[in-house]
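Everything below concerns the one structure shown next.
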Amino acid sequence: MNYFIKNNKLLPLPFQVPYVDRFVGSSKGWLVTVDDNLVVRLLNPLCLVPGKQIGYDPNTYITLPPLDPPCSVFNHIRKVVLSANLTSSHDDYMAIFGADHHVAYIRTNKEKEWTYVHHNWGILHDLIYYRDCFCAINYNSEVIYFNMADRSFFKYLPINCNVNLENFETKNFVKSLAGELLLIERIKRWDWHGKLGCNYTKGAEIWNLKLDSEGWEWREMKSIRDCALFVGDNISLSVAASDFCGCQPNCIYFIDDYENFLYPSMILENSYALKYAKDVGVYNMETRSFTPYDTAKDDVWLVDTTKLRIVPSFVVYEPA
């Protein structure tokens, strides 16, 4: 689905996406999907024309080697990131997968199998390709830079912040319009209804990682001015709000992959999980307030996620 900023509505995509189990990334203009057999494929959405067979056109459809089979297939592959557009010769991939958030990478122009990275980085929240390296963020807000050329990595210390046991955070990377690396910390709180728990957004913070020859520094950003951020598990991006009609400046548009917090049995047994566990909306940096999107008005949010497990992502475009 498209999120149409001007009218605050979800609209059908202008092309037909083949059946997949879930989306696990959108990188360099490509959609990364995984099916029921854990086959990872990359699709170029601009080449998906209604009524046209996908076939095996390398400009439209690419299949990657399989990752090691997991103990549980639920939410196995979390994210896949590309280093460059697939039409170039430099095509490296890195994936976060498994309950323990394993890391693997592959250089398809040189290798036919994934290389697995044994690490002690803990639970990884997000992954991005930045300054010729893959960067990951863990639950301690530590940033790990990984260089595939020599398989080296180095780690930046976390942000100093107070921990509130009533809250938890999700962390995502965004590349700013100026090319800087931003860390978005979404502060959430649990709300319990009997044995069923859902979560809602309480606040958000933005940090800018400053890197230079003398070292690094985290700087908190109280405002992003005319910029608007779109943040989600599949992809996060920044845009100039003034370039898009209806886009609110100094705001963060959040999408929520609620599968991370609900088991299939909970979704099947209680409709409350479907209606209220999808924490989607806009966070205003100036007023420090969150305006939720009414997901109940769109049938797309009520699909059987235990079958499809498709997490809608924002697709931002300028209306004609």
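For reference, each letter of the sequence shown is one residue, going 268 to 587 in the working numbering. Where is the CB? At the ideal position from N, CA and C, for every residue including glycine.
Whole runs of the beta strand (DSSP E) within the stretch 386 to 415, excluding any shorter than 3 residues: Within the stretch 386 to 415, the complete beta strand (DSSP E) runs of at least 3 residues are 391 to 397, 400 to 405 and 410 to 414.
Could you tell me which of N414, F435, R308 and G296 sits nearest to W457, measuring between CA atoms? As a working note, residue 457 is residue 190 in the sequence shown. Of N414, F435, R308 and G296, the residue nearest in Cα terms is F435.
Please report the straight-line C-alpha distance between K455 and I404, rounded to a whole angstrom. On the sequence shown, position 188 is the one that residue 455 refers to. On the sequence shown, position 137 is the one that residue 404 refers to. Rounded to whole angstroms, the gap between the alpha carbons of K455 and I404 is 18 Å.
Which stretch, first to last residue, makes up the beta strand (DSSP E) that contains I616? Look at the range of the chain in this structure, 268 to 587, and you will see that residue 616 is not part of it.
Report yes or no: do the stretch 413 to 424 and the stretch 433 to 452 share at least 3 C-beta pairs separated by less than 8 Å? Below 8 Å, too few C-beta pairs join the stretch 413 to 424 and the stretch 433 to 452 to call them touching: fewer than three.
Please state whether DSSP places P333 in a helix, a strand or coil. One-based indexing of the sequence shown puts residue 333 at position 66. DSSP places P333 in coil when its eight states are reduced to three.
Using only alpha-carbon positions, find the residue among C518, C514 and N551 that is nearest to K276. Locating residue 276 in the sequence shown gives position 9, counting from the first residue. The shortest C-alpha to C-alpha distance from K276 to any of C518, C514 and N551 is the one to C514.
Cα-Cα separation, L476 to Y396: The residue labelled residue 476 in the question sits at position 209 within the sequence shown. The residue labelled residue 396 in the question sits at position 129 within the sequence shown. Between L476 and Y396, the C-alpha separation is close to 14 Å.
Given that a residue counts as buried once 16 or more other Cβ atoms are within 10 Å of its Cβ, and exposed if not, what is S580? In the sequence shown, residue 580 corresponds to position 313, counting from 1. For S580, the predicted model reports a pLDDT of 39, less than 50, meaning its position is unreliable and no value from the coordinates is stated.
For G470, write down the residues that DSSP places opposite it in a beta bridge. Taking the sequence shown and counting its residues from 1, the one referred to as residue 470 is at position 203. Per DSSP, I454.
Reference L310, options K346, N551, L298 and W381, closest by Cα: Here residue 310 corresponds to residue number 43 of the sequence shown, with the count starting at 1. Comparing Cα positions, the closest option is L298.
What residue does the beta strand (DSSP E) around D523 start on, and which one ends it? Looking up residue 523 in the sequence shown gives position 256. Per DSSP, D523 belongs to no beta strand (DSSP E) and is neither H nor E.
Between the Cα of L334 and the Cα atoms of Y328, T327 and D302, which residue gives the shortest distance? Along the sequence shown, read from residue 1 onward, the residue named residue 334 stands at position 67. Put simply, of Y328, T327 and D302 the residue whose alpha carbon is nearest the alpha carbon of L334 is D302.
Less than 7 Å between C-beta atoms, sequence neighbours within five positions excluded: which residues of the same chain meet that for Y216? The chain is shown from 268 up to 587; residue 216 falls before or after that span and cannot be answered.
Exposed unless 16 or more other CB atoms sit within 10 angstroms - verdict on S294: In the sequence shown, the residue the question calls residue 294 occupies position 27. It counts as buried.
Which residues DSSP lists as bridging K442, in chain order: The count along the sequence shown starts at 1 and reaches residue 442 at position 175. Looking at the DSSP assignment, K442 forms a beta bridge with L448.
Can you tell which of D393, H392, N407 and Y412 has its C-alpha closest to the C-alpha of F401? For the purposes of this step, residue 401 is taken as residue 134 along the sequence shown, with counting starting at 1. Cα-wise, what sits closest to F401 is Y412.
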